[in-house]
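First up is the structure itself, then whatever we jot down about it.
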Amino acid sequence: MSSDRPILQVEGLRTHFFTRKGVVKAVDDVSFALRRGEIMGLVGESGAGKSITGFSILRLIDPPGRIVAGRILLDGEDLLAKSEAEMAAIRGERIGMVFQDPQTSLDPVFSIGYQIGEALAAHHPISRADGRGRAVGMLQRVGIPSPEERLDSYPHQFSGGMRQRVVISIAMAGNPALLIADEPTTALDVTIQAQVLTLMRNLCRERGTAMILITHDMALVGQCCNQIAVMYAGHLVERGPTEAIVRTPRHPYTQGLLRSIPGRQARRKRLAQIPGMMPNLIDLPEGCPFRPRCDQAQAACGSRPPLAEIAPSHFAACVVEGRR
Amino acid sequence: MSAAVPPLLRVEGLVKHFPVQKGFFDKLTLRDGRVRLVSQTVHALNGVSLTIARGETLALVGESGCGKSTLAKTVVGLHPPTSGRIWYGAEEIGGLTGAARRPYQKRIQMIFQDPFSSLNPRKKIADIVGLPMLVHGRSSRTARRTRVEELLTKVGLDAAYAERYPHQFSGGQRQRIGIARALACEPELVIADEPISALDVSIQAQILNLLMDMQEEFGLTYLFVSHDLSAVRHISSRVAVMYLGLLVETADTEAIFAEPLHPYTRLLFSAIPSLDRLEFREAAADGEVPTPIELPTGCPFHPRCPDVMEPCRTDRPATITAAPGRHVACHLYASGRR
Amino acid sequence: MNRAALAEFWDEFRESRSGLLGAALTLACILAALGAPLLSPQDPYDLSQLALQNSHTPPTLFQRWAYELFVLGSDGQGRCMLSAILYGMRISLLVGLASTLLAATVGTFLGLVAGYTGGRTDALLMRLADIQLSFPAILIAMVLMTVWGEGLFKIILAIGIVNWVFYARTARGSTLAEREKDYVDAARATGLSASRIMFGEILPNVVAPLIVIGTVRIANAILLEATLSFLGLGVPITEPSLGALVNQGYQVLFSGFWWVSVLPGVGLMLIVLGINLLGDRLRDVLNPRLKR
Numbered sequence: 113m114s115s116d117r118p119i120l121q122v123e124g125l126r127t128h129f130f131t132r133k134g135v136v137k138a139v140d141d142v143s144f145a146l147r148r149g150e151i152m153g154l155v156g157e158s159g160a161g162k163s164i165t166g167f168s169i170l171r172l173i174d175p176p177g178r179i180v181a182g183r184i185l186l187d188g189e190d191l192l193a194k195s196e197a198e199m200a201a202i203r204g205e206r207i208g209m210v211f212q213d214p215q216t217s218l219d220p221v222f223s224i225g226y227q228i229g230e231a232l233a234a235h236h237p238i239s240r241a242d243g244r245g246r247a248v249g250m251l252q253r254v255g256i257p258s259p260e261e262r263l264d265s266y267p268h269q270f271s272g273g274m275r276q277r278v279v280i281s282i283a284m285a286g287n288p289a290l291l292i293a294d295e296p297t298t299a300l301d302v303t304i305q306a307q308v309l310t311l312m313r314n315l316c317r318e319r320g321t322a323m324i325l326i327t328h329d330m331a332l333v334g335q336c337c338n339q340i341a342v343m344y345a346g347h348l349v350e351r352g353p354t355e356a357i358v359r360t361p362r363h364p365y366t367q368g369l370l371r372s373i374p375g376r377q378a379r380r381k382r383l384a385q386i387p388g389m390m391p392n393l394i395d396l397p398e399g400c401p402f403r404p405r406c407d408q409a410q411a412a413c414g415s416r417p418p419l420a421e422i423a424p425s426h427f428a429a430c431v432v433e434g435r436r
Numbered sequence: 332m333s334a335a336v337p338p339l340l341r342v343e344g345l346v347k348h349f350p351v352q353k354g355f356f357d358k359l360t361l362r363d364g365r366v367r368l369v370s371q372t373v374h375a376l377n378g379v380s381l382t383i384a385r386g387e388t389l390a391l392v393g394e395s396g397c398g399k400s401t402l403a404k405t406v407v408g409l410h411p412p413t414s415g416r417i418w419y420g421a422e423e424i425g426g427l428t429g430a431a432r433r434p435y436q437k438r439i440q441m442i443f444q445d446p447f448s449s450l451n452p453r454k455k456i457a458d459i460v461g462l463p464m465l466v467h468g469r470s471s472r473t474a475r476r477t478r479v480e481e482l483l484t485k486v487g488l489d490a491a492y493a494e495r496y497p498h499q500f501s502g503g504q505r506q507r508i509g510i511a512r513a514l515a516c517e518p519e520l521v522i523a524d525e526p527i528s529a530l531d532v533s534i535q536a537q538i539l540n541l542l543m544d545m546q547e548e549f550g551l552t553y554l555f556v557s558h559d560l561s562a563v564r565h566i567s568s569r570v571a572v573m574y575l576g577l578l579v580e581t582a583d584t585e586a587i588f589a590e591p592l593h594p595y596t597r598l599l600f601s602a603i604p605s606l607d608r609l610e611f612r613e614a615a616a617d618g619e620v621p622t623p624i625e626l627p628t629g630c631p632f633h634p635r636c637p638d639v640m641e642p643c644r645t646d647r648p649a650t651i652t653a654a655p656g657r658h659v660a661c662h663l664y665a666s667g668r669r
Numbered sequence: 009m010n011r012a013a014l015a016e017f018w019d020e021f022r023e024s025r026s027g028l029l030g031a032a033l034t035l036a037c038i039l040a041a042l043g044a045p046l047l048s049p050q051d052p053y054d055l056s057q058l059a060l061q062n063s064h065t066p067p068t069l070f071q072r073w074a075y076e077l078f079v080l081g082s083d084g085q086g087r088c089m090l091s092a093i094l095y096g097m098r099i100s101l102l103v104g105l106a107s108t109l110l111a112a113t114v115g116t117f118l119g120l121v122a123g124y125t126g127g128r129t130d131a132l133l134m135r136l137a138d139i140q141l142s143f144p145a146i147l148i149a150m151v152l153m154t155v156w157g158e159g160l161f162k163i164i165l166a167i168g169i170v171n172w173v174f175y176a177r178t179a180r181g182s183t184l185a186e187r188e189k190d191y192v193d194a195a196r197a198t199g200l201s202a203s204r205i206m207f208g209e210i211l212p213n214v215v216a217p218l219i220v221i222g223t224v225r226i227a228n229a230i231l232l233e234a235t236l237s238f239l240g241l242g243v244p245i246t247e248p249s250l251g252a253l254v255n256q257g258y259q260v261l262f263s264g265f266w267w268v269s270v271l272p273g274v275g276l277m278l279i280v281l282g283i284n285l286l287g288d289r290l291r292d293v294l295n296p297r298l299k300r
């Protein structure tokens with residue numbers, strides 16, 4: 113029974129920011145589910161709300177932001193109903209997080225060994241010697257050469273790729289059920305990116321950890337994800353198995369996005385571009401947020417399209433496509 | 332290549348080194364219990380030679396530390412070369428500074444990577460785009476203003492935006508403003524240093540289209556520095572691959588993507604995720620991108636090279652012409668071996 | 009900058025009560041100082057208006073009978089304290105503002121040049137600043153004023169010399185940061201001369217933290233001048249600042265005529281408090297906006 117239940121279920125999540133200039137609905141009614149060991153790509157451009165979704169799951173939203181509605185079920189338990197102390201126990205232990213910038217996610221004044229030890233000790237009491245031993249094992253697993261010596265090094269003595277590996281090892285230390293990776297490879301060189309992704313994917317496979325890979329890179333999610341969710345202006349506009357999304361996208365935004373990636377059309381010819389820009393999220397008008405830029409917009413788009421299943425497991429929030 | 336018309340830009344044996352410690356007090360360090368003077372150098376460029384023909388788009392690709400940005404900045408004149416020569420048309424410009432450099436600053440312009448720091452936040456758009464004109468002689472304020480509005484329209488922005496400030500614009504719009512600024516004095520060669528890396532995917536397409544349109548309309552020549560291979564493949568006519576301050580391979584775009592010769596080029600291309608093949612490919616090689624402070628001996632790529640051989644560790648490979656228009660610097664291809 | 013930005017600034021500024029209080033106090037003091045000729049019942053420098061029999065009259069609140077109405081009392085020469093304080097405020101503010109302006113201009117200029125040029129110029133200027141900072145400011149000012157003698161212009165100069173370092177360091181730091189930005193590279197690539205880059209491009213971006221520092225340092229300068237005047241090394245007695253007034257009243261402080269010394273001190277406290285509160289709030293409001 114419990115192995116059938118998705119490890120993560122997000123239902124109707126709404127995270128709003130109440131600023132002086134108006135309400136920013138950074139995440140507006142987002143729902144998805146993730147099974148054990150599955151990798152989901154959460155794709156969107158800057159301002160789409162994907163990072164905020166990740167933070168919301170970890171309940172790391174600070175004022176003026178607030179999660180105003182929804183349920184987040186981690187293995188059946190609603191995270192939004194938990195106290196801060198309970199969440200602190202869950203973060204790092206049952207949910208791991210990897211952030212984008214390896215420069216700033218590690219504390220520059222403490223050694224790597226200290227930081228790993230700190231992360232381990234936060235959840236279970238552990239002796240110093242044991243902590244070091246486990247840290248060495250973890251560093252080895254993520255492919256850092258000579259781990260015993262490197263344990264006493266400081267973050268600035270590592271390259272970007274190495275730092276990210278350390279961060280991954282800390283995130284996976286507690287064998288979490290879920291790993292949230294927010295643009296983990298964006299700041300890295302291409303060849304290092306490939307290495308880090310391989311590492312993350314293999315680790316998740318090994319331990320049955322589900323992963324949410326938040327990124328703006330469509331090609332990346334195409335490579336390593338089982339399902340893809342596309343966000344635009346706080347809305348989840350399309351969701352489905354990777355193959356379906358990449359080969360047969362149904363939402364005009366997803367279609368436009370894929371079409372505008374260079375490489376899908378003749379060289380040196382004009383790329384198919386999506387006109388305009390993402391709207392200002394402050395006091396966004398009703399209806400489909402993509403409407404101003406959509407070439408298929410109709411009168412019906414004035415009211416918000418629901419996320420409808422247009423093919424098995426393939427959902428799109430589009431009135432026009434839904435009718436086809 | 333016709334010998335009669337000189338290439339628009341020619342660079343020969345360009346070397347650029349930066350000192351890590353600048354000044355006496357920086358050099359003093361405590362090492363092994365004794366005070367020593369340490370003098371380290373960043374070997375950003377280690378002998379680069381290339382040419383750019385009029386009207387073409389040469390892409391410069393590579394990862395961090397390869398020197399592509401340094402090359403771009405040295406050509407524009409922001410860094411004086413440590414050694415080596417630069418020709419623009421038939422004239423040598425490598426060592427020129429100040430007033431002697433001025434006529435070339437008009438003809439070689441640059442588009443910068445970061446749309447947020449490339450525009451002076453305290454200046455109006457009109458002043459930003461008009462600055463090159465001010466420096467290079469168009470003195471009448473109305474003439475400048477007219478041209479600024481003309482340029483803004485050309486890059487797809489409202490002429491009224493000239494009165495606004497940079498913070499009122501998005502990244503894509505700022506990049507358009509940067510392009511307008513680069514076009515202000517009717518340049519011939521435009522060096523674009525990672526012009527789309529900081530932008531969202533859908534905006535990248537818009538800016539790439541704009542760059543191509545401008546090239547067609549004004550007969551521009553581009554040096555396109557980027558690490559984004561899909562953009563490079565789309566926009567460029569030739570590609571030059573750099574690693575640790577050296578050119579490892581140069582070829583026509585189609586040829587290099589069809590069959591990369593140099594092991595580093597192959598590694599680079601294989602690491603790029605593509606939407607054509609949706610299965611996961613394990614990373615090809617391990618190893619870090621080394622720093623340009625301590626260059627490996629011999630071929631700079633040898634510590635990571637899957638095809639490493641004996642001479643690679645000691646001898647830096649010379650650049651050979653593997654085919655017309657194709658140059659590789661690799662011992663694998665030396666003496667006609669393939 | 010422009011109307012919308014100012015409106016936004018004011019909106020944010022007025023959220024803090026202490027900031028508003030500071031602004032109000034400062035404004036009140038400035039208005040009082042500017043309007044001294046109109047507001048004072050008596051011209052304190054006009055000896056003909058003084059009558060010795062009025063000397064040491066307590067402030068009105070404490071008077072049992074009103075001979076002549078001295079709202080804040082009178083000093084040893086029968087001078088109206090209110091008038092003296094108003095005119096004294098003038099001098100204090102003048103010295104504070106002028107010396108700050110001098111220090112800020114010179115300091116910013118040197119800091120910009122040091123930060124942009126780098127190399128030996130930078131090293132030289134910064135060592136000079138370090139050397140100066142190793143002496144207490146008050147000591148340098150005292151030495152200068154002792155050597156030069158008293159005088160309004162001289163004290164402005166002295167305090168200016170003492171304070172340039174703070175502006176120079178901040179300006180240099182900001183310049184170092186701005187120098188790395190692409191817009192400076194763009195200006196250089198276009199062929200702009202170094203001085204045009206420093207003062208045309210970089211300076212506008214460096215000014216904001218300096219305004220904050222400057223505002224708070226005006227209070228500092230006023231206090232420094234007050235201290236020097238208290239020691240007899242500041243402004244001449246004929247044009248007393250608030251500090252000088254405190255000094256003059258000091259001798260009779262323990263004879264029971266407390267208002268001659270204390271009230272100018274209260275005036276001093278009000279202006280310094282006002283400026284400090286204002287400056288603090290300015291720093292908070294301006295700071296996040298710098299991150300664009």
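Residue numbers (our numbering), protein chains in the order written: chain A, 113 to 436; chain B, 332 to 669; chain C, 9 to 300.
For each residue, glycine too, the CB sits at the ideal point set by N, CA and C.
Note that this is a predicted model, so its numbers are computed, not measured.
For A/Ile386, the nearest CB of chain B lies under 8 angstroms from its own CB, placing it at the interface with that chain. Secondary structure at B/His374: strand, using DSSP grouped into helix, strand and coil. Burial state of B/Gln535 is buried, judged by a 10 Å Cβ sphere holding 16 or more other Cβ atoms. If you check each beta-carbon in the region 155-180 of chain C against every beta-carbon of chain B, none falls closer than 9 angstroms. For A/Ile394, no CB of chain B lies under 8 angstroms from its own CB, so it is not counted at the interface with that chain.
Bridge partners of B/Ala582 according to DSSP: B/Val570. Contact between the region 345-363 of chain A and the region 471-486 of chain B is absent: fewer than three C-beta pairs spanning the two stretches fall below 8 angstroms. Residue pairing by DSSP places B/Ala457 in no beta bridge whatsoever. Closest option to C/Arg196, judged by alpha-carbon separation, among B/Ala513, B/Glu519 and B/Glu517: B/Ala513. Within chain B, no C-beta atom comes less than 8 angstroms from the C-beta of A/Cys413; the nearest is roughly 19 angstroms away. Within the region 101-113 of chain C, no residue places its CB atom closer than 7 angstroms to a CB of chain B. Runs of the alpha helix (DSSP H) lying entirely within the region 187-211 of chain A and spanning at least 4 residues, in chain order: 196-202. Per DSSP, the unbroken beta strand (DSSP E) holding A/Val122 starts and ends at Leu120 to Thr131.
Shortest Cα-Cα distance from A/Leu291 to any of A/Glu355, A/Asp116 and A/Arg313 involves A/Arg313. With respect to the C-alpha of B/Leu339, the residue from B/Glu387, B/Gly378, B/Leu578 and B/Gln444 having the closest C-alpha is B/Glu387. For A/Gln410, no alpha helix (DSSP H) segment is defined, and its DSSP state is neither H nor E. Beyond the five residues adjoining it in sequence on each side, B/His633 comes within less than 8 angstroms, by CB distance, of Pro627, Val639, Cys643 and Arg644 in the same chain, given in chain order. Partner residues in the beta bridge of B/Trp418, as assigned by DSSP, are B/Arg341 and B/Glu423. Contact between C/Arg187 and C/Tyr124 is confirmed by a C-beta separation of about 6 angstroms, below the 8 angstroms threshold. Restricting attention to B/Pro463, B/Cys630, B/Pro655 and B/Pro637, the CA atom closest to the CA of B/His662 is found in B/Cys630. Against chain C, the CB of B/Pro452 has a partner CB under 8 angstroms away; the residue lies at that interface. Under a 10 Å Cβ-count criterion, B/Pro604 is classified as buried, with 16 or more other Cβ atoms of the shown protein chains found around its own Cβ. Measuring C-alpha to C-alpha distances from C/Arg180 to each of C/Val114, C/Pro66 and C/Pro45 identifies C/Val114 as the nearest. Under the 8 angstroms criterion on CB atoms, A/Glu355 is classed as interfacial with respect to chain B. Residue burial is scored here from C-beta neighbours: A/Asp407 has fewer than 16 other C-beta atoms within 10 angstroms and is therefore classed as exposed. Under the rule that a run must span 3 or more residues, no beta strand (DSSP E) segment is found entirely inside the region 193-233 of chain C.
C/Ser263 counts as exposed, since fewer than 16 other beta carbons sit within 10 angstroms of its beta carbon. Only residues of its own chain outside the window of five on either side were considered, and among them Arg657 have a CB closer than 7 angstroms to the CB of B/Ala586, listed in chain order. In the structure shown, the three-state DSSP call for B/Asp524 is strand. Within a 10 Å sphere around the beta-carbon of A/Pro220 sit fewer than 16 other beta-carbons, which makes this residue exposed. Its chain contains Gly396 as the residues whose beta carbon lies nearer than 7 angstroms to that of B/Thr622, once the 5 sequence neighbours on both sides are disregarded; these appear in chain order. For B/Gly503, the C-beta contacts it makes with chain A under 7 angstroms involve Met389, in order along the chain.
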